[in-house]
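Mapping the sequence shown onto the UniProt record's numbering, position 214 (from 1) lands on 214, and the numbers just tick up by one. Here the structure is laid out as structure tokens; the discussion comes afterwards.
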Amino acid sequence: MTTIKAAVCREFNAPLTIEEIELRAPQMGEVQVDVEAVAICHSDISFWQGGFGGALPAVYGHEAAGRVSAVGPGVQGVAVGDSVCVTLIRACGTCRCCGEGKPTICETPYDASHGPLTLSDGTPVYHGLATAGFAEKVVVDQSQVVTIPDSIGMDVASLLSCGVITGVGAAVNAAGVKPGDDVVVIGAGGVGLNAIQGAAIAGARRIVAVDMTEEKLAAAREFGATDGVLATEAKPFREVHKLLGRGADAVLVTVGAVPAYDQAPRYLANGGKVVMVGMPHFGQNATYSPLLMADAGQSIIGTKMGDCVIKRDIPWMVDMYQQGRLKLDELVSNRWRLDEINEAIADTMGGAARRNVILM
Numbered sequence: 001m002t003t004i005k006a007a008v009c010r011e012f013n014a015p016l017t018i019e020e021i022e023l024r025a026p027q028m029g030e031v032q033v034d035v036e037a038v039a040i041c042h043s044d045i046s047f048w049q050g051g052f053g054g055a056l057p058a059v060y061g062h063e064a065a066g067r068v069s070a071v072g073p074g075v076q077g078v079a080v081g082d083s084v085c086v087t088l089i090r091a092c093g094t095c096r097c098c099g100e101g102k103p104t105i106c107e108t109p110y111d112a113s114h115g116p117l118t119l120s121d122g123t124p125v126y127h128g129l130a131t132a133g134f135a136e137k138v139v140v141d142q143s144q145v146v147t148i149p150d151s152i153g154m155d156v157a158s159l160l161s162c163g164v165i166t167g168v169g170a171a172v173n174a175a176g177v178k179p180g181d182d183v184v185v186i187g188a189g190g191v192g193l194n195a196i197q198g199a200a201i202a203g204a205r206r207i208v209a210v211d212m213t214e215e216k217l218a219a220a221r222e223f224g225a226t227d228g229v230l231a232t233e234a235k236p237f238r239e240v241h242k243l244l245g246r247g248a249d250a251v252l253v254t255v256g257a258v259p260a261y262d263q264a265p266r267y268l269a270n271g272g273k274v275v276m277v278g279m280p281h282f283g284q285n286a287t288y289s290p291l292l293m294a295d296a297g298q299s300i301i302g303t304k305m306g307d308c309v310i311k312r313d314i315p316w317m318v319d320m321y322q323q324g325r326l327k328l329d330e331l332v333s334n335r336w337r338l339d340e341i342n343e344a345i346a347d348t349m350g351g352a353a354r355r356n357v358i359l360m
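Dropping the structure here:
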């Protein structure tokens, strides 16, 4: 067992506490990573708020990057000293979904209540999002990591572990945006900006950002949006129809807000699709008209982590970044220490930050 510092959640919606806890050594197929950077994602906040359930005490954080410091038996393709992104995508490789190339929805359950973390008295610590990245070190399954060049900064590399692959993948993989398509992205936060980048890379004709403030719409244009519409307008979907001359081929909802989901189908053209990216809290439900959507040949699809295959997609995105075709540095709003994590969470909840990154 190794003693590490971690930000521990003892009570939902209460400040995290920096504590010394115990981390066991990696077992069969597992990798230990010394975390150098971990970004704060809204999914971490939703877990901390109790919106996604889970046991306590817990350690959250899943958008991490660092260096491999130990490997368990049977590990292949990664070695001590490698720089890696650490994701929540834990895939068995043998279930039907994994066999069909869909590791983000692996069907093999993972018991996060009995992971590699314990308190000093042996009490299990919930292994949040199968990662527990708000800590000095993590032990994760080898399927959750992908090697990256040493030349890429760990702060920007951490963003590839969730926010970037989720947004870019939602456009490229889930929505299947193709050249000439018209795309609406609802929400111009961290994930939304990456969805915009993904739509631009895929060759979309028009990319319309919808958000609550002019500042967010200006940021969206920096990342490739061709147009912006304020969500505060009485019927923003009508403005989008005017801009496009029709509805959108794909509407990517990147915020976990039910009102955004309620309105999303109204932006669509015939044959268009709503792509569910942002995740409201459990029990919050949206409504839509099956009659109208079926009559127009429209659809709603879900996507988790951008339907990415990390060992295929993260190296591609790293290369795009190195070529200057994918913005990463511009996504980092602020850098914080681990002992400042509560302030970083509060800043993230304020809505202005693209991504706040904890540097160890």
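Backbone N, C-alpha and C fix where the C-beta goes; we use that ideal spot for every residue, glycine too. These numbers were taken from a predicted model, which means no experiment stands behind them.
Am I right that residue i and residue j are in contact with their C-beta atoms under 8 Å? What's the rounded C-beta distance?
i	j	result
V240	A248	7 Å
E214	G133	At roughly 33 Å, the Cβ-Cβ gap does not stay under 8 Å, so E214 and G133 are not in contact.
H42	G198	That belief does not hold up - the Cβ atoms of H42 and G198 are roughly 18 Å apart, past 8 Å.
A220	A171	Not confirmed; about 13 Å, so no contact.
A157	A65	4 Å
Whole angstroms are fine: how far does the CA of residue j sit from the CA of residue i?
i	j	result
D182	A135	41 Å
G272	I301	11 Å
G54	H127	9 Å
L119	L159	29 Å
G74	E30	8 Å
T303	L230	25 Å
V68	K242	52 Å
I21	V253	38 Å
N342	P15	6 Å
F52	G61	14 Å
G77	L359	26 Å
R337	E100	40 Å
G50	G245	42 Å
K137	A7	12 Å
Y288	A70	50 Å
N334	D347	9 Å
I165	V33	20 Å
M349	W48	12 Å
A234	I207	21 Å
A218	E11	37 Å
I18	R90	26 Å
A204	G180	5 Å
V35	M28	20 Å
A344	K216	19 Å
C95	Q323	36 Å
Between the Cα of residue i and the Cα atoms of the options, which residue gives the shortest distance?
i	options	result
residue 418	T123, V68, T104 and G122	The structure shown has nothing for residue 418, since the chain only spans 1 to 360.
V275	D307, V35 and V229	D307
R24	L244, G180 and H114	H114
Q263	K242, W316, A286 and L243	A286
D44	G278, P124 and A352	G278
G93	G66, F47 and D141	D141
G186	C95, A70 and V258	Checking the sequence shown, residue 186 turns out to be Ile, not Gly. Of C95, A70 and V258, the residue nearest in Cα terms is V258.
Y261	L244, K235 and P280	P280
M305	A204, P116, G167 and V357	G167
G351	G297, A188, D339 and D329	A188
V139	D347, R246, I358 and T3	T3
G122	M293, M1 and R266	M1
P265	A218, P290 and Q284	P290
P26	T131, L56 and N13	T131
L117	K5, M317, G283 and Q284	K5
M293	D211, V184 and Y267	Y267
L56	P124, R238, M212 and M28	P124
F237	K216, Q284 and V184	V184
V318	A200, D211, S161 and M212	S161
Given residue i, which residues of its chain have a CB within under 6 Å of its CB, disregarding the five upstream and five downstream residues?
i	result
M320	L326
A58	C9, Y126 and G128
G169	G306, D307 and C308
So, is the C-beta of residue i closer than 7 Å to a C-beta in chain C?
i	result
S333	Among the protein chains of the structure shown there is no chain C, as only one such chain exists.
Residues in the same chain with beta-carbon distance under 8 Å from residue i, minus the five sequence neighbours each way, listed in chain order, please.
i	result
G163	A39, C41, E63, G190, V191, N194, L331 and R355
N270	G247, A296, G297 and Q298
K102	D307
Quick one: what's got a C-beta closer than 7 Å to residue i's C-beta in the same chain, skipping five residues either side?
i	result
G81	R67 and V68
D155	A37, V332, R335, V357 and L359
D329	V156
F282	G51, F52 and G53
Would you check if there are 3 or more beta carbon pairs closer than 8 Å linking the region 108–122 to the region 312–327? no
Does the count of Cβ pairs from the region 166–186 and the region 138–154 closer than 8 Å reach three? When C-beta atoms of the region 166–186 are compared with those of the region 138–154, fewer than three pairs fall below 8 Å, so the two segments do not count as touching.
Should the region 136–147 be called in touch with the region 81–95, which here means at least 3 C-beta pairs below 8 Å? yes
Do the region 211–225 and the region 192–202 make contact, defined as three or more Cβ pairs closer than 8 Å? Counting Cβ pairs under 8 Å, three or more are found: they touch.
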